[in-house]
Every structure is written in C-alpha cells, then in structure tokens.
Amino acid sequence: MTHDLVLQVLDKRGCCGFKGPRAVEWLRDQGLLLPTQPNSWAISGKNLEEVIVARLGASEFFIEGMVGTEILERVASNTVKPSGVYPVLREDCAFVISGTNVDEVLAQVCSFNFADLALAANPVIMTLVMDVAVLIVPQESSVGCRYRVWCDPTFARYILDGLEPIVIEYGGVHRETYYE
Amino acid sequence: MKLLVCPLNGPRPVTEFAYGGEVRVSPDPDACSDAEWGNYVFNRSGSPGQKYEWWCHAASGFWFIALRDTTTDLVIATYPAEFVQTGFSRVRPQ
Amino acid sequence: MMYRLAPHADEWIDRSIIVNFFFEGKECQGYEGDTISSALVAAGVPFLGRSFKYHRPRSLLSFSNHDSNTLFQVGEVPNVRGDVTPLRAGMRVSAINTFGGLSKDRARVLDRLSSFLPVGFYYKAFHSKRLFPHWERMFRALTGLGRVSLDAPRKFTAKRYAFCDVLVVGAGASGLSAALAAAAAGAHVALVDESLQGGGITPLRTPNSTLEALLRKLSQSDKITFYSATVAAGYYADHWLALAEPLRMTKMRAKAVVFATGVIEQPAVFRNNDLPGVMLASAALRLLACYRIAPGRTIVIVAANREAYEACLELVANSLRVAAILELRSTLQHSLEDLKLARRCEDLGVKIFTASAPYQAIAASNGLLKAVDYGPIDSSGTINSQAAKRIECDSLLMSVGWAPASHLLAQAGGSTVFSPEIQQFVPKELPAGIFVAGRLNGVFEFNSRLDDGHRAGTDAAAYSGYGETRGSEVTRSTRCPSHPYPIVEHPAAKNFVDFDEDIQVKDLQNAIQEGFDSSELLKRYTTVGMGPSQGQHSNMNALRILARARSMSVSALGLTTARPMYHPIPLKLLAGRGFHPVRRTPVDAMHGALGAMWMPAGNWRRCEYYGVSGETRDASIAAEVWAVRHAVGLIDVGTLGKIEIHGPMAGEFLDRVYAGNFSNLRVGMTRYGLMLDESGVIIDDGVIARLAIDLFYFTTTTSGSTAVFRELLRLNALWGLECSLINLTGHMAAFNFAGPLCRAILQPLIDIDLAEAEFPFLGVREARLCGVAARLMRVGFVGELGYEIHVAANAGIVVWKALMSAGQDRGLRPFGVEAQRVLRLEKGHFIVSQDTDGLTDPYEANAMWAMNMRKPFFVGQRSLRILEKRGPRQKLVGIEWDGASHSTLVKESHLVIDGVNIAGRITSALYSATLKKWIGFAMLNPDFASRTESLPNREIYIRTDSGKMQLARIATIPFYDPKNSRQKQILGG
Amino acid sequence: MFTRHDTLKPGYDVVIIGAGGHGLAAAYYLARDHGIQNVAVLDKGYLGGGNTGRNTTIIRSNYLTPEGVKFYDESVRLWQDLAEDFDLNLFYSTRGHFTLAHTDSAMRTMRWRAEVNKHFGVRSEAVDAAFVKRAIPSIDLSCGGHAPILGALFHAPGAIARHDAVAWGYGRGADRRGVEIHQQTEVTGIRVQAGRVAGVETTRGFIGTSRVLCAVAGFTPRILDMVGLSTPIYVHPLQAMVSEPIKAWLDPIVVSGSLHVYVSQTARGELVMGASLDPYELHSTRSTLDFAENLSAHMLDMFPFLCEVKVNRQWAGLADMTPDFAPIMGVTPVDGFYIDAGWGTWGFKATPVCGKTMSHTLATGRNHELIEGFTIDRFARYQLTGEKGAASVGH
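Chains as they are written, first to last, in the working numbering: chain A, 1 to 180; chain B, 1 to 94; chain C, 1 to 973; chain D, 1 to 395.
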C-alpha cells in the first residue's frame, strides 16, 4: 500500500443505542457482552457477527456492527422494549482514521491527548473534533493506533471536509467508501 | 486553556464544557413573597468566592457540579449532579 | 562600520550559497543562513530603520527578537523582525516608517523638532474641536510602522495540540541541562528556544566543549523534542503554552514547566545612545559568533559587569581592536575574577577607565558613530562633563546589566522580588509545577547554570512523576551583573530609555513630576514599554528612574503586569485553519439540484427559496405559497430540535418545563408547548406528541435546539424524575408536507388510514411510509391540511424523493423558509425571538392559551403571577394594510408612531398574495393598542424609511382561515 | 497633574469609591457644577487602572431603548466638548461605527436600533452590504464564505478616544478644584447606622461621610456586600488585544456580533480588537489563548489580508454584567449610598454622562431624570430595561 494513512467512511455499518434503568439487564439478556466501566467498550460476537458495545457514562449503550448482523438487527428492530429500556436512534456517520501520522492529524483537530490512553482498558472518548461532538474508540492495529469515530450525521460532511486536507498534507488518502 | 476534571470524562479543556451558573436553591414558590421570588430570579451572589456551579461536558451531555473558586479559577471538588438533590443544602458553605 | 570576517567552522552561514535580495529597491547580497539584519550590516548598509517618533536613523541595538529599530517591510508583510528572520532569495526588504525612503525620510525633520515634542505633548495640543480633525489626519498618516497590502491573500496555517511531561523554555546552558536531566529521569520533554540553534544567546562566551556536548546529547535524545526558532508566546492556565513556530502554532500542555528564559541585556542610557554603531555587547557577540560580523574597526566598551571583560577578550581573540573600556564602577577590587579578566584585557592593550561613563556619543557627518565623550562619575553616579574626554571609535558596545525575561514566569503566577545584591528581580514564590533555572533565577556563572538547570529539570521530572526530586538549593550569583543606575543625564537629552517610542530620561522625569508616579501610570502616560519590544529594553531603566525620582527602592515599586504575547505573533498563526462548523440536514443534497438559495440558520444551512429560472425571487416565493394553499408543498424542517423523553415521569417532566399541560395529553395526540425562563419570558416553543403513555416526542425551534436540550438535561439532573431524554435532532429527517392535496398523495405511500376520523387534526401516528418507520403529526403551522413527517436520517432522502415524485403531477412544489414565513404569518403564528424579544412574556404575546396556571409548578409560573399583576408592557397584535405586492415601504422593525411618541414596532411584515394585502405583527404599547382596538377604524401609522407614514389597521388573527377549517379538514379535500 | 495627599481627612462631604473614569467624572462635576469640593476619591490601585484603561474605547449612542438612546446621546454630546473642557487632548476621534449584520434577524435588530435612534435625533441608519463595502473597501463581504454580510447599522457619530487621558482629565480637573484623590487606599468596610451611611473604613483609617458613591465596576458586588445590598450583577472577564502599529488603513469602527469581533485602529496605528464576554464567572484578569485564537480567526474572516499582522499584547477587564444589559444607577435603599454599576461591556462611553447624572444625584439626593430607567429596584418590579439587543457583541 502506498498510503497507510487513511480516512475511511464506513458505510456498511449500522448502530443503535439504549439507555434507561433496565438497559443493562435487557442487553445482557440479548446475549451482549457489556463493558463494566463507564466510557469503555467490549466486543460481542465473532467475525462478521462482531459488534462493538460502548458504554457511555453509567447507563447508556452504543452498539455498532456490520449492517445485517443478526444481533444488531435483533436489538435494534422496532419492537417494543420492556419498560425501563429506551432505544436510542443512532444514525451516526462512522469513519476510521489510521496509519502513520494519525496522531499528528488528530492533534490538529482535537485537544484530547491520545498518547496518554491505556488502550488495554478499552477506552471510549467523547470529545470535540473541530468543535463538533464525537465518539472515539481507539483500537490497536498492525499499523499503530486505529481510531473509529462516530459523529452526528448532520456534521459528517463538515468533519470529513475538514479532515481531508490535513490527511492529504500528511501523505494520506480519504476513501469515500470502505467495506470492512 | 483551563483544565476541568469531568467526573465522567476526566480532565478536559474548559472549552469542552458549558457553564450552567451557580447552583441556587429556589424558595418555595407557593410560600414566598413576590419580592423573595424576584430576588431569587434576578439577584446573584456576585462577590468572588467558592461556589457550587453547574457544568456540562458538551460532547457527552454530562452535567455535574463543581466547587470552584471564582478568584483563582481553581476547582476544589466535583460532584455528580444528583448531589443537588441529596446533599446540597447540607454541605453548602455558610 | 560593520564588516564580515573570515570564515569560521562554527558559523551559521553557508558562504557557498549567495542570496540576492533587495533593500530599499537596491540589490544586496547575503549568505544562506543570514538574517535580514546580519546580511544588511555585513553589506555595509549604515541605517536599517527610522525611529518611531523622531525618525532618527537607527541600526542594530540588540540583534534579537525585540528590536523595534530593525523592523522591515518585506513585500506584503509589515513589521518583519529583521534580526531573527532568515534571509531568502528575492526578498524585497525596505525600512518601515519612512516617507520617501530610508535615507531621504522627509519625517526626519521631527528629530530637530523633538524638543517641541516632549512626552505628553500630544495631550496638550491640537485639541480644539475645529483643529483636531485636521491634525489627526496628519498624525494618523505619520504613525504606524509597516504597511499592509489590502490584496494580500489569507494564509491558513496549522495549529496543533501537543503534550509533554516537562516543557523547558530556553535552550541555553541551564535549559539544556534541565531538559537533559528531565529526560534522564524518564520524562518526555519539550525544549523550546526562539533561536535557530540551542546554546543560548551568546554561544562563544561559554566553555564551548561542554555546551557542544550538551547539544550533542540533545540531538541524540529520543525523549526530547526540540522546537527551535519557536517563541513561547504566552503561558495560560494549567501549564498551557502557546508555542509559535515559524509556520504553525503548537498548543503545549505540560505537566511541569521549567523557565530557563534567561536575561535580556539592558542598554546604558546616555546622549545619542541610539547612534548607529552603539549596540549591546551581547548583540556584537552574536553577530561575531554566528554570522562572523565585526561590530567595527575600533571598539569601545561601556562596562559595568564581568561580561564586559569576557566580551572584550572574545573580540580581541577574533583580532578585533578594543580601544578602551569605560567602566562605570569605581573599582574592580572586590571581585578577584573581574580584576583578573581586566588585567588580561589590559595586557592585550585595552585601556580601562574606571569610574567613567559615556557622556555622549558623537556622530560623524554621515550620521554614524565616530567617537564617544566620557567623563568621571562620582559615587552617586553624577558625571563631571567638564572633565570629559573623547575617544574615537566606530563601535560602542554596552555591557552594563541585565533584566530577567520573567514575562512567562509572571504570567504563570510566579512572583519575583528585587535582589539589591545582584540588582535583578529574582523568583520568589513559584506555583505548583513551575520551576526556574539559570540567569532568570539569578544564577550567572556557567557551571552554576548547568547545575541549576539540572536541579530544575530533575525536580520538574519528579513533579510530573519521573524520578526523585533534588531539592531546592539555588546558588545565586555572588557578584553583581547589573549596574544599579547606568543612566547619565545630559542637558541636551537624546539619552534614550525606550528606543521603540523615543523616550528620553527627561520625558520620564517630567511625567513623574506631573503625578504619573507609579510604574503603571508612568507606562501609560509616556508609553514607555508599550512599543513592539514591549519594554524589554526599557522597563528596567524606567523603573530605576522612577525609583530615584521618588526616592524609593526599585523593589517597593515593582514591575508592571506581564501579559502575552512575549513576542508579537501573527494573526494567521493564532487563527490557524479557521474551522466553522456547518450543519446539513439529512436531505441537504436534494436541495441544490432544485435551485436552493441558501441562508444560514444558526450553524445550519437552509433553503430560503427555490430559484426557478426565469422567475424572480418574489415570484418563486409566491408560487411556493400558492402551491401549499392550492395543491401541496414540501419543506425540509430537519433543523428543528427533535427530542424523545421516555419513562414513567416523562409527562410530569414536560409539565414542569412547558407552560401547558402534557401529563393529560392523550396518546396519539400533540399539543403546542411554550417554554419560559424563570423570569417568565418566552424562550422557545414546539410541538409535543405523546407516542405512548411513557414516551413523548417533541420539537424545539431550530435556533434553540442545542441550548434547550442541554437545559432539559440539567433540569432532569436537578429534579431527578424517572425519565430519560434523547436528542434526535441530527438523527431524524423531518418534512412538512402540506396542502389540500397532501392526504391523497400520501395515502398510497403509507400503511395507515389517513382518514380524518382515524388520524385527526393534532394527532400523531407511527407508521411505515415508503417502507420506513415514520412519525407523522397533523400540525397546522402553515394553516393547511398537513403532516409533519419524521423519519430516521438515512431514510430521509428515500422519503423526500418518494413524496416529490408522488406529488409531481399534482402541482407539488418544494418550499423554503421564506414561503413558510408567509404561510405561518397568514395563519397568525408568531415566531419566538422575531415577534417576541428578550423580555416578552406570554401575556404580552397573547399566548395565555398555551399556559396552565392551575398546574402545581412550571418554570416561569411564579414569575407569571407577578407579571400578571404588573400588567403587560407591550402587546403583540396583528396588523394589515393595503399596498402593492412589490412595495418595500414598510419593513420589519419600522416604528409605529403615536403623535410624537413611539407606540411600538413592526416585528413581521409580508405581502400575502393569498389575501391580497400586507399583513404583519406589531409589538405595541398596550395602552395604545387597546385604545386603538376600541376605535372603529383601528388605524395605526408606521413610519417608513423616507419618514412617510403608512396607514395600517390592527387586524384580527389569524388572517387566513380564522375557523381553522382547512387544517382540520372540515371542508373536506 | 495630580496632587499627592499623604493623609486622609477625618471626614468628607462625599466619598467616591473607585478612581476610574466614572468615579473621577462624578467628583469633577460635583466640584465644578455643584460646589461640593470636599470630596475624596479612593482607589485600591491606581488612577484609571481598572476598566477605564482596559476597554476598547468605543463611544456611541446607537442603543435600543429610549432610555438608553437618550442617556448615551447626552454622553456623546458631552464627549465632544470634553477635550476643550479639560484643556487636554483626548484624541476624541469621530470615525463612524458599523455593526454588521450577517443574518435576517440581525438585520431586523439593526433596523430597530436605527429607527429608535432616528426618532430621538441620533444619526443611525440601517444600510446594505454595498454601503458597507463602499465605506470599508477592504472588507471581505462573504467573511470567508460562512457568514456573509447582509448589511449593517451605521452610526456616524461613533468615535474612539484615548481612554487613559479621560481619567487623567477628570482627575486633574477634580484635583484642581480641591478633590482629593487617594490611590492605594482600599475600602474595607462601610459603616451604616440606622439605615444611613456614616463612613468608610479604609486600609488607611476611617473616614466619616454621609454620602458614598460606589463606582468600582467588577468590584461592585464586594462593596455591596458591605452595605448588605443585593443586585443581579455577575462578573465575567472581558478580554481584548492589540496589534503592532501599522499604517492607517481602517477608518471606521467595525463590529460584528455574529463573528464576535470589534475593531478600530488607534491614532498610533494599532488595531484594538475585542470579542465577546468570557463564558463563565471569574474575578481575574488573566488572558486565555482561545480568546486570541478565536478573535484572530474572525478578524481574518473579515480582513483576510491581515494574516501577517502581529498581535502585540492581550489583556482583560472585569465586566459587571446585568440581566438586561443596562446599568444600575442612583439612590439605593441604604440612605446616602449611591451606586453607579452594572457597566458590563458598555461603561467607557457613558463616562461623562455618568459623572453628570451621578453628581446631580449625589448633590440632590434624587435620581437624575436620565437615569430613572436604570434604578436598582427595577428588577424586583420586573421592569427591566431591555438593552440586550443593543450590546455590540454576543454575550
């Protein structure tokens, strides 16, 4: 690969969220592995059925996986949830940014100190990128840290348009679509 | 840039937060006089000092209470927002 | 005259690369590695600039980043700091602040007039009302330094956040030592220096090998990031520093900071101390070491410290001729080391005159230094000018003292105290995590500085969690490096204290006489220290003059407050790339092809109207309105705030935040909600729909959505009710599909029965529309049968397209914000913050119907009780008048006039093609409103731009379909 | 220019707390117009060292409420003769003042202000973008493409002045008429007996007096605590910065509420720039980097060619804000205690009229008619004076 610094929109991913006093119990009943610490993530399922569950604060959960993943479809399907479980419609734009100089790119748009993260603790970061709220899950990968980012879809164009020239300045590419 | 330690998200620059003003206890609207209510609505404890304040981490929508010295800008402690329902009147500085 | 010496291995220039550039239009040459100033002086250019006020010719003084005499215009860029700006090929350099060029500057006449222009002069003249404007025009033309080109393009530069354990500012001996010590303890270190290379301001004066070893270790360390040519511009809270690099800004957050910012050499003050040829000794040493430039052929040094003798030896070692040293001190007896150095100088043929001071520098006819008159001074520092003698020289170097570069330390909250022993402000109390090393700390000898740096670096590392602290022992200098009063009076003045602002000793003395006798007042009145170099050469001497004049100690007076920036920083570096968040609705992409004319709405972009070729703006808007009234229209309302609230107490929560009642709202129905603040003022409105017993979905205004949602979260935290809020604003697309034909068009696309009985006015239904989950609300904002349709954001385009194509043959038009404004106005709906203002309560807006005062509590309720008693201070009424559709006579915000008084203002005004008249809202004085309403003709007068009065009438609202029969579909359709 | 007084007298007819422009102006007019010369002006710092010397020196009267327009218009009238009054050049320079509108709603507010102003004879006009371009040819009307300028409120009398000189002029004038100015004299308490002011405790001893004027801007709440008065005043820092001197290119004063910028060029060639209030309460004049960053970005949106111009210095003052953005002035429930506060971001321009009206109020014990809309009791009566729409820059 000529460019290992890549900004990639993930357009085949689906996500949903849950909150409410009985969300933990219900999600666990659905067979999901839930992170125990606030602002951390866990993986449920394997291979194509893999979903990532991020715990936002004490009792809100964000779940993301490939569109069509059985468990995602099941929990997100528009059926009535038991009382105390509140589904959260999430139409986030999902993208990944990774590769050489990725930290330098992020340093230009976000005040969070990613170098200080203990990746082993599976942290979830809610912060601002270019003044817009985002959810970031850093993951270790063969090319160093790989950041998965979700943002409000109405800001997606603004964020991607802002990131693109910086990524290119650092020798990377912006891929409009990407199948993971 | 000032750092604020969010009880949920950890230390973040103050630009990630929205300020919600001093925590103030309203008088009983049914029992108080018009003057007392007007005093509550408009008047402020404007002198510097240690104040309990509402702060919201904007990216997560998380509200909490910070005890902050409004002269030095140092945060002495933070509390979860539930603090205003449970212990606020008890620990409020005299 | 300065000139270039033979090459030396350590020089910073590359003589194999010749750099051609232009100065004042003439071609010049320098070498790669030169700065603008070094190239110019080496090329024999006698003057580099003109002074700010008197336009005196000036050359190098400090050869550092704080010299206002060597600011240049380089192409479009004003005020370029020539001493530190690298020379580039083709640069077009010229002096600033001249009229007709540097040598022929017409303003140089001001120098001869200077005795008529004392400090404060401007306050005392030209202030008659008649004369001031003329004089000011002249003055404004004269002042200012460089010139901006109004065509210069905007340059976007990067800004970045960075983090380190220990930040060391200053890469001189102590800073290098601190950085290496901190790195050795395991800390990640950032080392910053404004110079191109580390080693400190006077690289040759220290034992070279030690410094070189440190620099080698620095380059080998993977724990240290070295930011060279970088200015630490300001210290901000919590160890946050702005580092201005040449092409970008780094915002550095450190766990601990070491200030090793050193000292700034201070000039001696004597007559003509600004002549080209007079400069600081440290400037000469830097010229010599880095650029191999000799300060002159015959050098005299004004001395008051050991550094003077070290400088002398350095110069002589480079085969330069030092004719004499004028030593301000009466004797060198009390320092063996100083004495030893003096002997060595004498042995090399340098004459030393102790207890002597320069009385005046003498200029040759070409304006350059040719000699200095010096005389004996007594113990009080008074010179005997009668006994003055003259020495010929073309270079006069000043080495009389230093001032600490304590600006950043002060910004960080560190306090200083004046040490009479070393005549310097030294740190007193340091905030947590702040450390100081080197000459800034009053530590002057080379080895002591290395040790002090090691101590500070070790302690800073320990503070940030690496290694053990070493303790706080500091070995301050035992000699005095600065003279207590290096200032010589002269009856003819021109003894400059501030070179930026041409301030002389007498200027300060006069100001003090007039009562400007504190350091702050003196600064403000005389402007001492307010020029581009921010007092870095002048504040200390000004303070000494003030102290002497008031018979006080320097320590009792104290320094003025130090503020960022340490050196001036270009706006572009601070601005960076300039991010401006723009929000686009989920169907944003659809509007462009339809001819959308965009308008900003908060950070959203919205369609004002759809431009159709061949149609005017007004015609397009009218056609959009017509479509809604007669066929069907579709508008993107995705910018509305969209919120869900779940939980058993959701109804109670809404009862508390809105003025109306919601816990009694039936499932499947909607109700208008009015939101007030605690003082009873209307702050937002929206529609609240009950989807289930424990689930509501509601909207807020576009502009209020972020703040309202945040405030609801806060209230939820405050009240602790069992309910939960979800912000769906960006996650849902929303449209209003309205018009008499909308039901018929929609029915085939949807899986529920839209019949009036099944889905009545103000109802809400969940259904599948075009195969996707949708929420539909029968609301009447535009006054026709209509459905507000909300779907998940990513289904927005599917639904939009389906509706557009289904309506295509039925006269559907997409409509924008402007048409909606007409439609809602015809219907008599006010817009919060357009028709209401920051003090409008529901009584004034006729919105009492939307409140329920019998509820136990809602935000603003208690104030409403008071407001009800107070009575309205204004009253919102509908108004109408006749006029042509294209008339622009009446505009929103025009005033309603009652005799000679303001009776109110127009808040909305639009032409209704439907009603064939102008309609609007006015906020009127309530007495006037009720008086007028009781009159048969209900007439009011609106004052238009020309002053002409427009007659209008108070109208009954709604203007259109007062029985609401159309949106309720009583007429069928 | 000023007399140094080594001792305080045991009593004065009037004690004014705060030797800023407002306090000194009140002293000046008390002595000049009301024959009350036995006055002490106390300051814990130095003369003119507070917001008088920290503001961005803009003078205008294009307010929104009739109360505001009349009040500030009188101030502008006084300003124009002040230099000759003082025999001191205040560099009072009429430059014209543009408040740019980037949105329809801003344009409505501008027209509202213009119409009210014109009604009271104040020269203000709602103008279109082309007018703005003619007056300021260098401006980028698109503001970098994200905040296009639709028009402006043009206020021809808008002016700037040398702020420090105003304090000096009033100070010298008061000094010459027998008023004593005591710097480095901090008020530590106010003695109130039976609801009446009896004197002032200071770091240099007690002063007996029956009349005290509090004119201390950001320090107002601390003084009010001494007499047990509550107000809605809350204090936020207001920051500003200044560029290096450059040759004159900007004649008018330019303000943009949407971009949070106001800028003018001084007689020395510096660009004096301000922005919106800091977002939270703080009693400190520290500077922040994000202020300088945001203001710089917005400056370049309007004037892209300034990108190489350098910022010399930034600073801050303490703004004493009120909920309706109008001041709090006049008599108070404490007999003999007078207030001149709530000056937020709009105090400098009001200096002369405050001196005039407060001296009248102090001398007669009754509020001057021009300040009747600004009384301390208006909040309890829910009779706010809505100047919020006329504040130059977002708050």
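Using N, Cα and C, we set each Cβ at its ideal position, and we do this for glycine too.
Asked: If distances are taken between C-alpha atoms only, which option among Leu336(C), Ser319(C), Tyr374(C) comes closest to Gly349(C)?; Found: Ser319(C)
Asked: Give a yes or no on contact between the segment 287–304 of chain C and the segment 26–41 of chain C, applying the rule of three or more CB pairs nearer than 8 Å.; Found: yes
Asked: Tell me the residue span of the alpha helix (DSSP H) that contains Leu825(C).; Found: 817–826
Asked: So with Cβ pairs under 9 Å, would you call Tyr566(C) a contact of chain A?; Found: no
Asked: In the DSSP output, which residue or residues are listed as bridge partners for Ala133(A)?; Found: Leu128(A)
Asked: Less than 9 Å between CB atoms is the rule here; does Leu8(B) satisfy it with respect to chain C?; Found: no
Asked: List the residues of chain C that Lys133(D) touches, going by C-beta distances under 8 Å, in chain order.; Found: Within 8 Å Cβ-Cβ: nothing; Lys133(D) doesn't reach chain C, min ~13 Å.
Asked: Do we get a CB-CB distance below 9 Å when we pair Ile125(A) with the residues of chain B?; Found: yes
Asked: For His97(D), name the three-state secondary structure that DSSP assigns.; Found: strand
Asked: Using a C-beta to C-beta distance shorter than 7 Å, which residues of chain B count as neighbours of Gln563(C)?; Found: According to the sequence as given, residue 563(C) is Arg; it is not Gln. Going along chain B, no residue has its Cβ under 7 Å from Arg563(C), so there is no contact; the nearest lies around 16 Å.
Asked: Straight-line CA distance for Trp1007(C) to Ala25(D)?; Found: With chain C covering only 1 through 973, there is no way to say anything about residue 1007(C).
Asked: Please list the residues of the segment 336–365 of chain D that have a C-beta atom closer than 9 Å to any C-beta atom in chain B, keeping them in chain order.; Found: none
Asked: Would you kindly work out how many angstroms separate the C-alpha atoms of Asp751(C) and Ala767(C), rounded to a whole number?; Found: 6 Å
Asked: Note down, in chain order, each residue of its chain lying with its Cβ closer than 8 Å to the Cβ of Arg205(C), except the 5 sequence neighbours on either side.; Found: Below a pLDDT of 50, predicted positions are generally treated as unreliable, and Arg205(C), at 49, falls in that range; the measurement from the model is reported next regardless. The residues are Leu285, Glu307, Glu310, Ala311, Glu314.
Asked: Compute the beta-carbon to beta-carbon distance between Pro814(C) and Leu594(C), rounded to the nearest angstrom, for a pair I have assumed lies under 8 Å.; Found: 6 Å
Asked: To which residues of the same chain is Gln108(A) closer than 7 Å at the C-beta, ignoring the five residues directly before and after it?; Found: Ile166
Asked: My output table needs one value for Asp87(D): the three-state DSSP class, helix, strand or coil.; Found: coil
Asked: Given that Gly57(A) touches chain B, what residues does it touch there, using C-beta distances under 8 Å?; Found: Leu8, Ser60, Phe62
Asked: Under a Cβ-count criterion, where at least 16 other Cβ atoms within 10 Å of its own Cβ denotes burial, should Thr203(D) be classed as buried or exposed?; Found: exposed
Asked: Would you list, in sequence order, the uninterrupted beta strand (DSSP E) runs of no fewer than 3 residues that lie entirely inside the segment 148–180 of chain A?; Found: 173–175
Asked: If you draw a straight line from the C-alpha of Val687(C) to the C-alpha of Lys963(C), how long is it?; Found: 20 Å
Asked: Does any CB atom of chain B fall closer than 9 Å to the CB of Phe61(A)?; Found: no
Asked: Check the Cβ-Cβ distances between Asp238(C) and every residue of chain B, and say whether any is below 9 Å.; Found: yes
Asked: Counting only C-beta atoms, is Pro48(B) closer than 9 Å to chain A at any point?; Found: no
Asked: Would you decide whether Pro133(C) is buried or exposed? Buried here means 16 or more other CB atoms lie within 10 Å of its CB.; Found: exposed
Asked: Would a C-beta distance cut-off of 9 Å place Asp685(C) and Ala850(C) closer than the cut-off?; Found: yes
Asked: Got a sec: which bits of the segment 61–86 of chain C sit with their beta carbon under 9 Å from any beta carbon on chain A, in order along the chain?; Found: none
Asked: At a Cβ cut of 8 Å, what residues of the segment 137–159 of chain C count as close to chain D, listed as they run along the chain?; Found: Phe139, Arg140, Ala141, Thr143, Gly144, Leu145, Gly146, Arg147, Val148, Ser149, Leu150, Asp151, Ala152, Pro153, Arg154, Lys155, Lys159
Asked: Hey, how far is the Cα of Ser61(D) from the Cα of Asp73(D)?; Found: 5 Å
Asked: Assuming Val488(C) and Phe353(C) are in contact, meaning their beta carbons sit under 8 Å apart, how far apart are those beta carbons, in whole angstroms?; Found: Rounded, the Cβ-Cβ distance is 14 Å, inconsistent with contact.
Asked: May I ask which residues mark the beginning and end of the alpha helix (DSSP H) holding His155(D)?; Found: Looking at the DSSP string, His155(D) is not in any alpha helix (DSSP H); the run it does join, the beta strand (DSSP E), is 151–155.
Asked: Considering only DSSP beta bridges, list what Ser94(C) is partnered with.; Found: Gln73(C)
Asked: Assign Gly208(D) to one of three DSSP states: helix, strand, or coil.; Found: strand
Asked: On a Cα-Cα basis, can you pick out the residue from Gly828(C), Asn441(C), Asp498(C) that is closest to Arg476(C)?; Found: Asn441(C)
Asked: Excluding the 5 residues flanking Ala401(D) on each side, which residues of the same chain have their C-beta closer than 6 Å to its C-beta?; Found: No information on residue 401(D) is available, as it lies outside the stretch 1 to 395 that chain D covers here.
Asked: Can you name, in chain order, every residue of its own chain whose Cβ lies under 6 Å from the Cβ of Phe698(C), other than the five neighbours on each side?; Found: Ile643, Gly686, Ile688
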